[in-house]
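Read the structure below first, then the notes.
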Amino acid sequence: MAPRENDNKPPKDEQPAATQREWERLWEQGDDSGGEGGGSTKEDVGPEGKRDADTEADTEASEDAVDDTDQASTPVHGNADEPDHSHDHDHDHHHDHDHDHADGSTTPHSHTPPALPHLDDERIAAVRRIAAAGRRWRTVQLAGCAALLAVAMTAGAIAMGAAKDSGATGVAAASSAVSPELLASGSLDASITALQAHLRTQPKDFDGWATLGLAYVEQARTKGDPSRYPQAQAAFQRSLKISPDNENALEGRAALAAARHEFKEALTYADQVLKENPYSERALCSRIDALVELGRYADASKAADLADARKPGVPVFTRYAYVHELRGDVTTARRVLEQALAAATSPGDISYVAGTLGQLAWNQGDYKTALNDYGRALAADENYLPALEGRARTQAALGDRADAIKGMELVVSRYPLPQPLVELGELYESRGAEGDKAKADDQYALVDAWIALARANGVNADLDTALAAADHGDVKSALKAARAEWARRHTVHTADALAWALHVNGLDKEALPYARQATATNYHNASFIYHLGIIELATGHKADGRAHLTKALKLNPGFSPLGASKARKALEATK
3 MAPRENDNKP PKDEQPAATQ REWERLWEQG DDSGGEGGGS TKEDVGPEGK
53 RDADTEADTE ASEDAVDDTD QASTPVHGNA DEPDHSHDHD HDHHHDHDHD
103 HADGSTTPHS HTPPALPHLD DERIAAVRRI AAAGRRWRTV QLAGCAALLA
153 VAMTAGAIAM GAAKDSGATG VAAASSAVSP ELLASGSLDA SITALQAHLR
203 TQPKDFDGWA TLGLAYVEQA RTKGDPSRYP QAQAAFQRSL KISPDNENAL
253 EGRAALAAAR HEFKEALTYA DQVLKENPYS ERALCSRIDA LVELGRYADA
303 SKAADLADAR KPGVPVFTRY AYVHELRGDV TTARRVLEQA LAAATSPGDI
353 SYVAGTLGQL AWNQGDYKTA LNDYGRALAA DENYLPALEG RARTQAALGD
403 RADAIKGMEL VVSRYPLPQP LVELGELYES RGAEGDKAKA DDQYALVDAW
453 IALARANGVN ADLDTALAAA DHGDVKSALK AARAEWARRH TVHTADALAW
503 ALHVNGLDKE ALPYARQATA TNYHNASFIY HLGIIELATG HKADGRAHLT
553 KALKLNPGFS PLGASKARKA LEATK
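3 is the number of the first residue of the sequence shown in our numbering; add one for each residue after it.
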């Protein structure tokens, strides 16, 4: 490797304090191109923030960023060893946690590399702090809750659950770190380290900055830690500043916008790339995702057909299947996913597609098939969290509450996102043992903490707020968030969230049209149908309400630990 231009620079711990403080100040402010640096701690400093005065200044800034980010980086639940499958759909609030990979592809996280030795004590302490929090969460203010969650994630506590090395391969030499394909060669953290090392010597490498930005997006999403998004944005801005309109950075901006639920912006960036390269797989997939999340389902279907014609493969097949699932065409969705699974070769592809098949089966109440599919996913990667979560959800639907709680606790310890947190809280509530109500409240408090952290780092979390708060929080906040999300996009998910938020606020007449819109595409979602039935009963449509509650329970009898029970009680009450 070529010698660094600043090899004579004093070691970081010997640099004058003023120099360190200046770097920290610059990172917090962002560069003159408008980079965001907020949301990072000193140890979480990213690559951007030093003005591009000369090559040596860029090199020093990049090296400081490498040193600090390396300390902050935590093992994630996956290698970047699989191509793109990520479409971060809200789904029914039960969809797989797919992730944009920095190789252009977007895949679920899979293998968890071993913990970094110098953080072991810190992580164990963080894990113990969360484990010991217990009932104290009920009396902690939201700000304190969010701070503890952020500290735990930064320390790597959340990622500690999978300590076993899954056999990740080594990372290529830094000289090839500029290639996105590097991220298929080893663990994501190691790949980021290699990219950072390369950028210390080649700070003008726009492809390297774009790839690093994509890696940060992936790292943020696999850890459930939105504080990485400002770093990703800064890296993309650095890349575009060096080479305006370069394809990799624009694709990265599309991925970042989607991760932050800025779907109009994601569509704009994807279209910009496709004008120059109509065969860009990343852009084709981002375009489908954005159209789906904007509720433009007819356009999404056309985009999926086009992508299938231009770039057939696992990333496109999974999106094609989801577009059909949204229209109620479960047969086609499963057929396409089975074809994708047959074509899959890497463990990441296999676990992702099999897990998606499991979710599809679970939505239909086919629990035996769902368990089989999740088993196929876990056979490929025993630490694949969406399959672990899906298996726990299916166990709960089958009445195996003990194993379901154990499995969901494992998921939450590694991946504290709103959906599994709410699900675990509801499992505690449905069990109803001594102390379970307090345990449930702890999970709901952590949902609030995650939402606060997400918003602080530029993520639009209104849908998460509406879904969680409607049943387990401030109903007025739920309605405010649902209205705001509906103003941005009209999907079946936002229609359902708004309908239910209106219902819990006693506005059932206003809620009914939205509940009907949520079910209008024939998407097989028992929660949506249950919400419609309850709202119909509340508005005097007794026959319709009973019919829809019956339909929800027939479709998926265990769709929710609490909702299914409430649906049965509502039916009994109307006899």
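Glycine residues also receive a C-beta, built at the ideal position from the N, C-alpha and C atoms.
query                                                                                                                                                                     : result
Buried or exposed for Asn365, please, with buried defined as at least 16 other CB atoms from any protein chain shown within 10 angstroms of its CB.                       : buried
Please report the residue range of the alpha helix (DSSP H) in which Lys478 lies.                                                                                         : 477-490
Is the beta carbon of Arg329 sitting closer than 8 Å to the one on Asn524?                                                                                                : yes
Looking at the structure shown, is Gln204 part of a helix, part of a strand, or coil, going by DSSP?                                                                      : coil
Whole angstroms are fine: how far does the CA of Arg433 sit from the CA of Arg485?                                                                                        : 33 Å
When you compare only the Cα positions, how much space is there between Ala451 and Ala234?                                                                                : 22 Å
How many Å lie between Val275 and Thr396 at the Cα?                                                                                                                       : 40 Å
Considering Cα atoms alone, identify which of Tyr231, Asp273, Gly210, Thr334 is closest to Leu242.                                                                        : Gly210
Can you tell which of Leu448, Gln445, Gln421, Leu426 has the C-alpha that lies nearest to the C-alpha of Leu587?                                                          : Nothing can be reported for residue 587: it is not among the residues displayed for the chain, which extend from 3 to 577.
What residue ranges within the region 251-285 form continuous alpha helix (DSSP H) runs of no fewer than 4 residues, ordered along the chain?                             : 265-278
Whole angstroms are fine: how far does the CA of Tyr417 sit from the CA of Thr320?                                                                                        : 23 Å
From Val413 to Ala394, what does the alpha carbon distance come to, in whole angstroms?                                                                                   : 9 Å
Does Trp502 come within less than 8 Å of chain D when only Cβ atoms are used?                                                                                             : In the displayed structure, chain D is absent; only one protein chain is listed.
Excluding the five sequence neighbours on either side, which residues of its own chain have a C-beta within less than 7 Å of the C-beta of Glu267, listed in chain order? : Ala259
Starting from the N-terminal side, write out each stretch of the alpha helix (DSSP H) that is 4 residues or longer and does not extend beyond the region 502-530.         : 510-520
Assign Lys370 to buried or exposed, taking buried as 16 or more other Cβ atoms, counted over all protein chains shown, within 10 Å of its Cβ.                             : exposed
Can you tell me which of Asn385, Arg289, Gly297, Leu539 puts its alpha carbon nearest to the alpha carbon of Ala522?                                                      : Gly297
Using C-beta distances below 7 Å, list every residue in its chain close to Gln479, excluding the 5 sequence neighbours before and after it, in chain order.               : According to the sequence shown, residue 479 is Ser rather than Gln. Result list for Ser479: Thr467, Ala471, in chain order.
Tell me which same chain residues have a C-beta within less than 6 Å of the C-beta of Thr318, skipping the five on either side of it?                                     : What sits at residue 318 in the sequence shown is Val, not Thr. For Val318, where only same-chain residues beyond five positions count, the Cβ hits under 6 Å are Ala309, Asp310.
Quick check on this structure: which residue in His526, Asp546, Arg262, Lys313 has the alpha carbon closest to the alpha carbon of Ala285?                                : Lys313
For Gly542, count neighbouring C-beta atoms within 10 Å of its own C-beta (all shown protein chains included) and say buried if the count is 16 or more, exposed if not.  : exposed
Out of curiosity, what's the CA-to-CA distance linking Ser229 and Ala458?                                                                                                 : 8 Å
Determine, using beta carbons only, whether Ser288 and Ala302 come nearer to each other than 8 Å.                                                                         : no
Rounded to the nearest angstrom, what separates Leu514 and Ala463 at their Cα positions?                                                                                  : 24 Å
In angstroms with no decimal places, state the Cα-to-Cα distance between Ala566 and Leu555.                                                                               : 7 Å
Quick one: is Gly437 buried, meaning 16 or more other Cβ sit within 10 Å of its Cβ, or exposed?                                                                           : exposed
Anyone know if the C-beta pair for Asn558 and Ala528 falls short of 8 Å?                                                                                                  : yes
Return helix, strand or coil for Tyr532, following the three-state DSSP convention.                                                                                       : helix
On the DSSP letters alone, give me the boundaries of the alpha helix (DSSP H) that Pro422 sits inside.                                                                    : 420-433
Can you give the Cα-Cα distance for Asp444 and Ala454, rounded to whole angstroms?                                                                                        : 15 Å
Measure the C-alpha to C-alpha separation of Leu197 and Val316 and round it to an integer number of angstroms.                                                            : 27 Å
Just the Cα atoms here: how many angstroms apart are Ala323 and Ser353?                                                                                                   : 16 Å
Report back the beta-carbon spacing between Ala217 and Ile194 to the nearest angstrom; my notes put them in contact at under 8 Å.                                         : 5 Å
Where does Tyr376 sit, in a helix, a strand or coil, going by DSSP?                                                                                                       : helix
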